[in-house]
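Per our numbering, residue 2 is the first one in the sequence shown, and the count goes up by one each step. Yeah, the Cβ is synthetic: ideal placement off N, Cα and C, and Gly gets one too. Computed from a predicted model, the values in this text were never measured in an experiment.
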Amino acid sequence: MTIRNSRRGAALAASVSALLSTSAYAQIAAAPTTAEQTVATPESSDIVVTGTRIKRRDLTSNSPLTMVGEAEIRYQGATSVESVLNKLPQFTADANENVSNGSDGTSNINLRNLGSGRVLILLNGQRMLPQQAIDVNFVPSSLVQRIDVVTGGASAVYGSDALSGVVNFVLRDNLDGVRIDAQSSVNQHDNGNGYLHGLVNSKGYPQAPGTVFDGGKTDINASFGKNFADGRGNVTVYGGYRTSQPVTQDSRDVSACALDPVDDAGTNLKCGGSSNNAYGLFTLLTGPNKGKTLDNTKDGKHTWVPYDSSFAYNYSPTNYFQRSDTRYTAGAFAKFKLSSLAEIYSSFMYMNDRTFSQAAPSALFQGTTFTIPCNNPFLSASQATTLCGAAAGTAQTEDTFIGLRLTTPRRDDLRHEDFRYTAGVRGSFAKGFSYDVNYLRSLVRYNETYMNNVDNVKAQRALNVVNVNGTPTCQSVIDGTDKTCLPIDVFAAGAISATALPYLFSNSSTQSRNTQTVVSGTINGDLGQYGIQIPWADRGIGIALGAEHRRETLSASGDAIAIQNGYVGSDGTITVNESYGELEIPILSNLPFAKALTINGGARYSTYHNQQDSTGFKSDFHALTYKGELSWAPSSDLRLRASYNHAFRAPNISELFGAVSLGNVTATDPCAGSSPAASLTVCQRTGVTAAQYGNIPECPAGVCVQQYGGNRDVKPEQADTYTIGLVLTPRMLRTFTLSLDYFNIKVTDYISTISPSLTISQCASTGDPYYCGLFHRDPRSGVLFGNNGYVVGTTINTGSLQTSGLDITSSYTLDLNRFGKVNLDLVGTFLLDLSTEPLPGLGTYNCKGLYGYTCGEPSPTWRHQLRTTWMIPGKEKATLSLAWRYLDSVKLSSLSDNAFLNGQGSIINSKIPAYSYFDLATTVNFTKGLTLRAGVNNLLDKDPPAIAQGILASFGNGNTYPGVYDPLGRTIFVGATVAF
């Protein structure tokens with residue numbers, strides 16, 4: 002028995018296979034033009050191309066459409082689809098496996114750097130999961146037949162969320178046979194960076210090992226399909242298992258220590274760290290020495306000395322550079338054609354994913370005010386006098402921050418269980434007319450358990466200690482409020498007993514439940530069957546009409562410890578009713594200078610009802626989206642296309658109803674330290690008093706606190722997208738294709754937050770009262786961390802975001818006669834603009850070619866992937882493929898002359914040079930049903946750039962951007978596919 006598609010649509014499958022197979026065309030390609038197709042298929046095999054609901058007999062697209070074939074996934078040795086897409090120049094890395102501290106365990110994709118929430122993710126043309134709970138780990142990569150990437154707003158076709166475009170994962174759901182796929186991979190790296198070695202040596206920290214093999218991954222998948230009833234029915238089932246081993250940061254030169262600048266100018270780097278250190282820091286908030294920051298001496302004596310950077314704690318070694326992960330997937334697809342009038346179909350998909358993130362050991366962290374009695378028996382006489390003055394030895398209490406690092410790494414147990422099932426009926430009910438009615442239900446269950454974290458309530462009890470008959474005893478034991486309390490000695494390095502240490506920890510748990518329900522119906526019609534067509538066209542007018550009802554819900558809660566730590570539950574429901582229509586009119590066909598001329602238009606009307614049961618809040622709004630497209634082929638060699646889309650994105654449940662909470666953010670307080678960077682006048686605008694100025698502790702490890710959360714008053718975003726391009730397929734060079742597409746996307750009323758780094762820099766440089774008003778300093782200490790100090794960054798409708806650029810996709814196959822063929826496959830993007838207007842009318846900044854601070858991850862001006870594949874002659878049909886990934890150089894954003902981006906500069910990190918990576922892979926078909934593959938990604942073992950931790954913003958980890966640059970060195974993989 003052999004793997005084959007069911008008979009319906011076989012001709013289409015053949016054309017797609019020819020387009021994407023390793024033996025004929027590129028693995029990454031633009032959508033083909035009509036001239037590329039040689040398809041003459043019956044009406045039953047008409048298809049719907051991603052980006053439209055009009056059925057066509059080919060894969061022609063009026064919008065820029067890039068297709069990624071399954072061969073590209075195999076050549077990359079990828080076990081996750083986001084890693085494949087992140088290598089394409091249209092994408093910017095988002096949540097991924099190399100993000101640890103703060104991760105929710107998901108993987109997402111970010112098209113055009115407009116944010117992961119502005120790209121719509123589809124599975125076989127239908128929404129995948131609830132928008133606020135998207136996780137592309139759900140996609141079984143071994144079943145992916147191709148990935149369609151459509152640029153530009155597509156709300157008129159699909160509804161909300163499709164602002165930057167659409168990514169449609171087309172799965173192999175109609176097998177006839179057995180397919181088993183297995184792959185194993187490992188990372189290998191030679192740690193030989195002399196500069197970074199010197200930094201680590203200067204601090205006396207352990208060096209990363211010379212050569213490492215780690216981060217192993219195993220991915221095993223099996224699928225079985227069977228046609229029955231003479232091909233009218235098919236059932237396909239699949240199952241998969243994937244596991245990834247963790248990688249800690251002490252295994253790489255770039256991440257062996259936390260990097261800081263040596264001076265304000267950033268002339269060099271040094272191994273820095275956190276002031277929450279292993280010896281024990283104290284910032285006295287009351288008493289005769291209020292404002293002083295002291296540290297326990299390193300010799301273990303009960304003595305305080307002034308704090309300096311030599312006490313800083315290297316928090317990097319135990320942090321994960323790659324999370325551990327175990328994923329199980331399973332599912333089934335079924336369909337049965339009763340007659341031409343009705344074909345019933347259904348699917349079920351399941352994922353169970355468990356991943357662990359790991360961060361440095363917990364601490365009694367600065368920012369929490371602890372109260373210490375002046376008669377605490379662990380205080381030495383000198384310490385008691387420093388803390389309490391004349392009240393030393395009495396029951397009087399004084400307040401202090403404590404920064405004492407413990408020994409057990411924090412671990413976050415992140416568990417996702419996702420379900421998705423569909424059922425529907427489709428068929429033809431009249432000549433030229435077909436219908437599709439579908440029900441979709443998806444459920445995402447998320448559970449998080451945060452382990453080995455200090456419980457501040459218990460820590461306060463363990464500090465409130467008195468002497469009872471010569472024995473240090475917790476006051477809570479005496480008064481009976483907590484009989485289990487064990488006293489801790491924090492006044493000398495390493496003095497907490499092994500018996501008392503476990504008492505300080507309490508695990509916290511949170512959970513959420515997201516659902517999505519969609520009921521939709523679409524009618525497609527070919528009016529040409531009734532003679533309704535333009536006289537000069539060879540086919541009739543196409544029409545699509547439909548309606549959709551969608552409901553999404555969220556319910557999130559936490560246990561008592563999570564609530565004690567600041568977690569607040571949330572809930573909400575969004576109900577949407579929509580109607581839509583699309584019309585395609587062929588105007589000219591097979592005429593001089595008009596091989597084909599077609600226009601397309603569509604519109605969608607949506608009504609939204611938002612509701613939060615816990616508060617009784619309700620709101621409503623509506624939206625009208627529309628599009629227009631033009632396709633003109635003067636000849637078979639050239640096709641021109643243009644489109645305009647007016648799109649929108651409704652706020653999701655989290656943006657509307659997410660609880661207001663506090664979270665860590667990379668930032669630097671310009672008013673902190675003994676010599677603040679900002680003047681007293683500026684700092685006073687942020688809430689600093691004259692007495693606090695020069696005495697405010699710095700944010701530990703460059704991590705301040707942001708207040709984040711939803712906003713019930715947020716309204717939908719609006720977007721206008723323009724694209725214009727050409728597709729060249731010269732008959733004189735039949736194996737050559739070239740597509741050039743210009744895109745311009747502008748989002749207004751952009752739903753976002755004001756970046757804390759932007760708030761801080763704008764307040765410091767301009768004194769603007771709006772930005773300065775977003776500071777909420779701890780009234781007692783003036784800090785921007787802990788429970789009472791933060792920068793406000795809740796969700797609002799900000800100004801606008803605009804991006805534009807040029808996509809280039811090209812493929813050429815050279816026939817070498819008896820030496821086989823060579824295919825060259827290029828996909829590149831030239832970025833013209835990436836501008837943000839933080840607030841309407843207050844100016845813009847452009848992150849094109851910049852990185853760091855407000856601009857976040859690098860946005861190179863030019864980026865490409867060029868794959869060269871040699872198809873070796875012989876019965877084995879072997880291939881050898883080399884990919885060249887290139888990222889242009891980027892400059893540090895704070896060195897820009899734009900007032901929004903001005904900030905702390907850096908000489909050593911002023912620029913990240915251009916990066917080139919080379920990936921080598923091979924495939925061999927040993928028998929008809931057995932294909933082996935092997936490869937090495939990052940063949941030359943190129944190190945990622947080493948960047949000071951304070952520069953990194955979102956998705957930074959290990960002193961670099963691991964989603965943009967390869968962080969772990971070479972990746973070596975071997976795999977096999979068996980089909981019979």
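Between which two residues does the alpha helix (DSSP H) harbouring residue i extend?
i      : result
GLN246 : Unbroken run through GLN246: none, as it is neither H nor E.
ASP480 : 476–480
THR767 : 757–767
SER156 : 156–159
For residue i, count neighbouring Cβ atoms within 10 angstroms of its own Cβ and tell me buried if that reaches 16, exposed if not.
i      : result
ARG421 : buried
THR436 : For the record, residue 436 in the displayed sequence is Tyr; it is not Thr. Its Cβ being crowded by 16 or more others within 10 Å, TYR436 is buried.
VAL469 : exposed
HIS623 : exposed
ASN202 : exposed
PRO780 : exposed
GLN866 : buried
GLN367 : buried
ILE479 : exposed
ALA279 : buried
THR23  : Legend: pLDDT at THR23 = 34, less than 50; position of this residue unreliable, value from coordinates given subsequently. With 16 or more other Cβ atoms within 10 Å, it is buried.
TYR196 : exposed
ASN269 : exposed
Helix, strand or coil: how does DSSP classify residue i here?
i      : result
ARG8   : Note that ARG8 has pLDDT 34, beneath the 50 cutoff, so the model's placement of it is unreliable and no number is given.
ASP686 : Sequence inspection shows Arg at residue 686; the Asp mentioned does not correspond to that position. Of the three classes helix, strand and coil, the one that applies to ARG686 here is helix, per DSSP.
TYR743 : strand
GLU83  : helix
VAL171 : strand
ALA561 : helix
ILE575 : strand
PHE349 : strand
THR23  : Unreliable placement is indicated for THR23, whose pLDDT of 34 sits below 50; no coordinate value is reported for it.
ALA41  : Residue placement at ALA41 is flagged as unreliable, the pLDDT there being 33, under the threshold of 50; a coordinate-derived value is accordingly withheld.
LYS628 : strand
PHE658 : helix
ASP191 : strand
LEU13  : Any reading at LEU13 needs caution, since the residue's pLDDT is 35, under 50, leaving its predicted position unreliable; the model's value is listed next. Three-state DSSP puts LEU13 in a helix.
TYR76  : helix
TYR308 : coil
PRO770 : helix
Of all the options the options, which has the alpha carbon lying nearest to the alpha carbon of residue i?
i      : options                        : result
GLY794 : THR804, SER756, ASN818         : SER756
TYR854 : TYR447, THR626, VAL666, ASP354 : VAL666
PHE919 : SER894, PRO874, THR972, GLN905 : THR972
ALA424 : LYS204, VAL520, LYS912         : VAL520
GLY674 : GLY821, THR284, LEU505, PHE776 : THR284
VAL69  : GLY976, VAL455, GLN91          : GLN91
LYS396 : SER762, ASN111, VAL467         : Looking at the sequence shown, residue 396 is not Lys but Ala. Nearest option by C-alpha distance: VAL467.
ALA257 : ASP808, THR961, GLY976         : THR961
PRO247 : GLN384, LEU121, GLY116, VAL100 : VAL100
ASP942 : GLY790, ASN194, SER836         : ASN194
ASN457 : THR369, THR923, THR924, TYR723 : THR369
THR608 : THR599, ASP614, ASP621         : ASP621
Within 7 Å (strictly less), CB to CB, does residue i reach chain E?
i      : result
ASN290 : Here chain E cannot be found, since the structure has a single protein chain.
How far does the beta strand (DSSP E) with residue i in it extend, from its first residue to its last?
i      : result
ASN222 : 212–229
request  = Take every Cβ of the stretch 533–545, pair it with every Cβ of the stretch 582–591, and state whether three or more of those distances are shorter than 8 Å.
outcome  = Touching, yes, given that three or more Cβ pairs across the two stretches are closer than 8 Å.
ask   = At a cut of 8 Å, does the stretch 280–300 reach the stretch 208–222 through at least three beta carbon pairs?
value = Taking 8 Å as the limit for Cβ pairs, the verdict is that the stretch 208–222 does not touch the stretch 280–300.
message = Does the contact criterion of 3 or more C-beta pairs under 8 Å hold for the stretch 117–131 versus the stretch 160–175?
response = yes
message = Could you check whether the stretch 726–733 touches the stretch 672–689, counting it as contact only if at least three pairs of C-beta atoms, one from each stretch, sit closer than 8 Å?
response = no
key: Sufficient close CB pairs (3 or more, under 8 Å) joining the stretch 317–334 to the stretch 350–362   = yes
query = On the three-pair Cβ rule with 8 Å, is the stretch 655–666 touching the stretch 737–748?
reply = no
request  = Please confirm if the stretch 257–275 is in contact with the stretch 945–956, defined as three or more CB-CB distances below 8 Å between the two stretches.
outcome  = yes
key: the stretch 623–637 in contact with the stretch 600–615 per 3-pair CB rule at 8 Å   = In short, these stretches touch, since the Cβ pair count reaches three.
ask   = Any chance the stretch 867–879 sits against the stretch 145–157, with 3 or more Cβ pairs inside 8 Å?
value = The stretch 867–879, when compared against the stretch 145–157, does not touch it at the 8 Å Cβ threshold.
key: Inter-stretch contact (C-beta, 8 Å, three-pair minimum) for the stretch 817–830 and the stretch 762–782   = no
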